[in-house]
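**Student:** Chains as they are written, first to last, in the working numbering: chain A, 45 to 253; chain B, 45 to 253.
There are 2 protein chains.
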Amino acid sequence: MMVDGRLVRGRRSREAILETAVALASVDGLEGLTFGRLAVAAGVSKSGFFTHWPDKEHLQVDVIGRAARQWVDLIVSPALGEPAGVRRVWGLHEWRLRFYAEEVLPGGCFFHTAECDFDDRPGPVRDRLLEAKRSWMGLLVSVITAAAESGELTTDDPELLAFEIDALGGAVVPHTRLLDREPALRRSRAAVLQRLKSLSPVPELLPEE
Amino acid sequence: MMVDGRLVRGRRSREAILETAVALASVDGLEGLTFGRLAVAAGVSKSGFFTHWPDKEHLQVDVIGRAARQWVDLIVSPALGEPAGVRRVWGLHEWRLRFYAEEVLPGGCFFHTAECDFDDRPGPVRDRLLEAKRSWMGLLVSVITAAAESGELTTDDPELLAFEIDALGGAVVPHTRLLDREPALRRSRAAVLQRLKSLSPVPELLPEE
DNA sequence: GATTAAAAAGACCGATCGGTCGGTCTTATT
DNA sequence: AATAAGACCGACCGATCGGTCTTTTTAATC
């Protein structure tokens, strides 16, 4: 079976462009992402983009997809490596904080910036962001529900707890970017940890502090 | 004592422009705010802006000031009308939620959008946003501390609790803009309420639910 | 009523935006 | 070897950006 070298080359540069775009967009937003600056950052010509995407909107949608894959790879998958139950719930939060702490993206969080850009702009881009957020919130709820069913977590409203954890995780972004760095991470960690411990009959499964 | 009608006219249109700008910026961000669209929205000419502000940056700083005044008028001041203690802490959160629920601004929250735009862009605009955020967080901490000292709240880390309340309040914005509206408001309310009740020796001071 | 100054408007400028067009280079097919 | 197709580029387009310059309107002062 032969592979087409032209297509391989195309896919490679396509991926490289998307990776650069996620990093750029985490700083300047998905709308602040321009062909001109992306071309310079990725080391390609401006017009070359239109080989891969018909217009900016399609590029933006693909950039979201790339960012979502990164979120899964660096946060969701590692967390799912934890044993089901309260530790897996905690894992989702902890890996998210690690993602922020290690400054994987120069802008802190792609989705924070992108959602802010497009929350009032209907269209395919917003729809894709909505899908990503629904997926993340749905994962939180299902992991929490599983923990509750296994008896490791006492809650009658998994969606409320999911909202709390997401809120405490998401607030780290503006706090670290604008105010002090370590305190925000420390407080977010402490807040979720104490909350989970207060809801769990087996708090010793969670880290000391 | 005579007043100069020309200056009065200037101040009036200046205020009108700022008010329009806060609403526009709550949707498109402080950077997405352009002279052209602001001129159309405010019903003035583009070049007229430069009578009041030397450049866009100075306008942005003033827009932040106007938004901060609105935040104080509609959230801080009403909350400070509550008796000191746990009820005043709760008031800060409740009035904030009311602000979001009533859709005072078309974009939901000016500061959420503005901070997102400028958290990676050093300069006077970012400094002004930082000042506003510090002021808000400082207020939360001081009101919480006062409640703790009066014995209505049991906490040894007011800054942690302030972070929690701010996070649960701020998360409402992306959730309401992107996902469902009422559930986000309901959950944010429930989360802070249960948290304050769990920390208070006098939970009966707070609303039932 | 003439002069002066603030407010506001109109025409315009260089830069950058998203996007098009014609063409080159590379690689697979025949 | 000839042809076709995908990847990629430089030049360019109309629109909009922040901002300047000049002029007109409005209102106070003399």
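Virtual Cβ for every residue (Gly too), placed ideally from N, Cα, C.
What residue range does the alpha helix (DSSP H) around residue 197(B) cover?
**Tutor:** Taking the first residue of the second sequence as position 1, residue 197(B) is located at position 153. Premise fails: residue 197(B) is in no alpha helix (DSSP H) and is neither H nor E.
**Student:** Based on Cα-Cα distance, which residue from 162(A), 207(A), 181(A), 60(A) lies nearest to residue 173(A)?
**Tutor:** As a first step, residue 173(A) is located in the first sequence; it is residue number 129 there, counting from the start. Considering only alpha carbons, the answer is 162(A).
**Student:** Spell out whether any CB of chain A is found under 8 Å from the CB atom of residue 156(B).
**Tutor:** In the second sequence, residue 156(B) corresponds to position 112, counting from 1. By this cut-off, residue 156(B) is an interface position.
**Student:** Can you name the residues of chain A whose CB is closer than 7 Å to the CB of residue 221(B)?
**Tutor:** Locating residue 221(B) in the second sequence gives position 177, where the first residue counts as 1. Those are 163, 164, listed as they occur along chain A.
**Student:** Is residue 188(A) close to chain B, meaning its C-beta is less than 8 Å from at least one C-beta of that chain?
**Tutor:** The sequence position of residue 188(A) within the first sequence is 144, counting from 1. It does not: the Cβ of residue 188(A) has no partner Cβ on chain B nearer than 8 Å.
**Student:** Is residue 165(A) helix, strand or coil when you go by DSSP?
**Tutor:** Position 121 of the first sequence, counting from 1, holds the residue named residue 165(A). It is coil, neither helix nor strand.
**Student:** Cβ of residue 79(A) less than 8 Å from any chain B Cβ?
**Tutor:** Counted from its first residue, the first sequence places residue 79(A) at position 35. Not closer than 8 Å to any Cβ of chain B, the Cβ of residue 79(A) fails to qualify, so no.
**Student:** Is there at least one Cβ from chain B nearer than 8 Å to residue 143(A)'s Cβ?
**Tutor:** For the purposes of this step, residue 143(A) is taken as residue 99 along the first sequence, with counting starting at 1. Not one chain B Cβ lies under 8 Å of residue 143(A).
**Student:** Can you find a CB in chain B that lies within less than 8 Å of the CB of residue 151(A)?
**Tutor:** Locating residue 151(A) in the first sequence gives position 107, counting from the first residue. Yes - at least one Cβ of chain B is within 8 Å of the one on residue 151(A).
**Student:** Suppose contacts are defined by Cβ-Cβ distances below 8 Å. Is residue 130(A) in contact with residue 229(A) by that definition?
**Tutor:** To locate residue 130(A), count along the first sequence from 1; it is residue 86. To locate residue 229(A), count along the first sequence from 1; it is residue 185. Against a cut-off of 8 Å, the Cβ pair of residue 229(A) and residue 130(A) comes out as no contact.
**Student:** To the nearest angstrom, how far is the alpha carbon of residue 238(A) from that of residue 183(B)?
**Tutor:** Taking the first residue of the first sequence as 1, we reach residue 238(A) at position 194. Taking the first residue of the second sequence as 1, we reach residue 183(B) at position 139. Computed Cα separation, rounded: 24 Å.
**Student:** Report yes if the CB atom of residue 141(B) is closer than 8 Å to the CB atom of residue 80(B), and no otherwise.
**Tutor:** Within the second sequence, numbered from 1, the residue matching residue 141(B) stands at position 97. Within the second sequence, numbered from 1, the residue matching residue 80(B) stands at position 36. Result no, Cβ atoms of residue 141(B) and residue 80(B) do not sit closer than 8 Å.
**Student:** Give a yes or no on whether the C-beta atoms belonging to residue 149(A) and residue 84(A) are separated by under 8 Å.
**Tutor:** If you number the first sequence from 1, residue 149(A) lands on position 105. If you number the first sequence from 1, residue 84(A) lands on position 40. No. Outside cutoff.
**Student:** Can you give me the Cβ contacts of residue 160(A) inside the same chain, cut-off strictly under 8 Å, excluding the 5 residues immediately before and after it?
**Tutor:** Within the first sequence, numbered from 1, the residue matching residue 160(A) stands at position 116. Leaving aside the five residues that flank residue 160(A) on each side, the residues in its chain whose CB is nearer than 8 Å to its CB run, in chain order, 73.
**Student:** Is there a C-beta anywhere in chain B that falls below 8 Å from the one on residue 231(A)?
**Tutor:** Here residue 231(A) is taken as the residue at index 187 of the first sequence, counted from 1. Chain B, which has a Cβ nearer than 8 Å to the Cβ of residue 231(A), makes this yes.
**Student:** Quick one: which unbroken alpha helix (DSSP H) runs of 4-plus residues sit fully inside the region 65 to 89 of chain A? Chain order, please.
**Tutor:** 79 to 86
**Student:** With residue 123(A) as the anchor, note down where its alpha helix (DSSP H) starts and where it stops.
**Tutor:** In the first sequence, residue 123(A) corresponds to position 79, counting from 1. Segment 121 to 124, the alpha helix (DSSP H) holding residue 123(A).
**Student:** Run through DSSP, which three-state label would residue 54(B) get?
**Tutor:** For this step, residue 54(B) is matched to residue 10 along the second sequence. Of the three classes helix, strand and coil, the one that applies to residue 54(B) here is helix, per DSSP.
**Student:** How would you call residue 117(A), buried or exposed, if buried means at least 16 neighbouring beta carbons within 10 angstroms?
**Tutor:** Reading the first sequence from its first residue, position 73 is the one you call residue 117(A). With fewer than 16 other Cβ atoms within 10 Å, it is exposed.
**Student:** Starting from residue 115(B) and walking both ways along the alpha helix (DSSP H), at which residues does that stretch end?
**Tutor:** Residue numbering aside, residue 115(B) sits at position 71 when the second sequence is read from its first letter. Taken as a continuous stretch (DSSP letters only), the alpha helix (DSSP H) holding residue 115(B) covers 100 to 115.
**Student:** If the cut-off is 8 Å on Cβ atoms, which residues from the region 165 to 185 of chain B count as contacting chain A, listed in chain order?
**Tutor:** 170, 173, 174, 177, 178, 181
**Student:** Could you check if residue 215(A) is buried or exposed, using at least 16 other CB atoms within 10 Å of its CB as the buried criterion?
**Tutor:** Within the first sequence, the letter at position 171 stands for residue 215(A). With 16 or more other Cβ atoms within 10 Å, it is buried.
**Student:** Determine the direct distance from the alpha carbon of residue 196(B) to that of residue 251(B), and round the result to whole angstroms.
**Tutor:** On the second sequence, position 207 is the one that residue 251(B) refers to. On the second sequence, position 152 is the one that residue 196(B) refers to. Taking the straight line from one Cα to the other gives about 15 Å.
**Student:** Compare the beta carbon distance of residue 135(A) and residue 70(A) with 8 Å and say whether it is the shorter of the two.
**Tutor:** Mapped onto the first sequence, residue 135(A) falls at position 91. Mapped onto the first sequence, residue 70(A) falls at position 26. It is not a contact, given that the beta carbons lie outside the stated cut-off.
**Student:** Please state the DSSP three-state secondary structure of residue 216(B).
**Tutor:** As a first step, residue 216(B) is located in the second sequence; it is residue number 172 there, counting from the start. Helix at residue 216(B).
**Student:** Are the Cβ atoms of residue 106(A) and residue 68(A) separated by less than 8 Å?
**Tutor:** Taking the first sequence and counting its residues from 1, the one referred to as residue 106(A) is at position 62. Taking the first sequence and counting its residues from 1, the one referred to as residue 68(A) is at position 24. Going by C-beta atoms, residue 106(A) is not nearer than 8 Å to residue 68(A).
**Student:** Just the Cα atoms here: how many angstroms apart are residue 59(A) and residue 121(A)?
**Tutor:** Start at 1 with the first residue of the first sequence, and residue 59(A) comes out as number 15. Start at 1 with the first residue of the first sequence, and residue 121(A) comes out as number 77. Within the model, the alpha-carbon separation for residue 59(A) versus residue 121(A) is close to 21 Å.
**Student:** So, is the C-beta of residue 215(A) closer than 8 Å to a C-beta in chain B?
**Tutor:** The count along the first sequence starts at 1 and reaches residue 215(A) at position 171. Output row for residue 215(A): interface = yes.
**Student:** Flag this pair as yes or no: are the beta carbons of residue 124(A) and residue 132(A) separated by less than 8 Å?
**Tutor:** For the purposes of this step, residue 124(A) is identified with residue 80 of the first sequence, where counting begins at 1. For the purposes of this step, residue 132(A) is identified with residue 88 of the first sequence, where counting begins at 1. Contact: yes.
**Student:** Quick one: Cα of residue 200(A) to Cα of residue 176(B), how far?
**Tutor:** To locate residue 200(A), count along the first sequence from 1; it is residue 156. To locate residue 176(B), count along the second sequence from 1; it is residue 132. Rounded to whole angstroms, the separation of the alpha carbons of residue 176(B) and residue 200(A) is 37 Å.
**Student:** List, in chain order, every chain B residue whose beta-carbon is nearer than 7 Å to that of residue 159(A).
**Tutor:** To locate residue 159(A), count along the first sequence from 1; it is residue 115. 218, 222, listed in chain order.
**Student:** For a quick check, are the C-beta atoms of residue 185(B) and residue 206(B) less than 8 Å apart?
**Tutor:** Translated into positions along the second sequence, residue 185(B) becomes position 141. Translated into positions along the second sequence, residue 206(B) becomes position 162. Contact flag set, yes.
**Student:** Is residue 260(A) close to chain B, meaning its C-beta is less than 8 Å from at least one C-beta of that chain?
**Tutor:** The shown model of chain A, from 45 to 253, leaves out residue 260(A), and the question about it has no answer.
**Student:** Can you give the beta carbon distance from residue 204(A) to residue 234(B), rounded, assuming they're within the 8 Å contact cut?
**Tutor:** Numbered from its first residue, the first sequence carries residue 204(A) at position 160. Numbered from its first residue, the second sequence carries residue 234(B) at position 190. The pair is a contact, with the Cβ atoms about 6 Å apart (cut-off 8 Å).
**Student:** Can you look up residue 45(B) in the DSSP assignment and give me helix, strand or coil?
**Tutor:** Mapped onto the second sequence, residue 45(B) falls at position 1. Residue placement at residue 45(B) is flagged as unreliable, the pLDDT there being 48, under the threshold of 50; a coordinate-derived value is accordingly withheld.
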